[in-house]
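*Asks:* Starting off with a structure, shown below.
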């Protein structure tokens, strides 16, 4: 499990075994401890680490979009 702070949101990237030998990424976005969004990724991975990395990456993208929608700026733009 990995974690990042994006604007107002805490993003947790994780994964789970979708079927024997295959992992699926997942992310949870929270604000002030309350869950805002939870979503599983589509791709299956042979590596748990790759699946967790995809979960975090997709979660960060979603949180950045939410910040743009809410506040009008992307906290990851540089």
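In UniProt numbering, the protein residues as written are 1 to 78. In this text, a Cβ means the ideal position worked out from N, Cα and C, and glycines have one as well.
Are the CB atoms of residue 6 and residue 67 nearer to each other than 8 Å?
*Replies:* Stepping through the chain shown from its first residue, residue 6 is reached at position 6. Stepping through the chain shown from its first residue, residue 67 is reached at position 67. Yes. Within cutoff.
*Asks:* Mind checking which residues open and close the alpha helix (DSSP H) that includes residue 25?
*Replies:* On the chain shown, residue 25 is found 25 positions in, with the first residue counted as 1. That residue, residue 25, is in no alpha helix (DSSP H); its beta strand (DSSP E) goes 22–31.
*Asks:* Tell me whether residue 69 is buried or exposed, calling it buried when 16 or more other Cβ atoms sit within 10 Å of its Cβ.
*Replies:* Counted from its first residue, the chain shown places residue 69 at position 69. Flag for residue 69 reads exposed.
*Asks:* For residue 34, which of helix, strand or coil comes out of DSSP?
*Replies:* The sequence position of residue 34 within the chain shown is 34, counting from 1. Looking at residue 34 - three-state DSSP - the assignment turns out to be strand.
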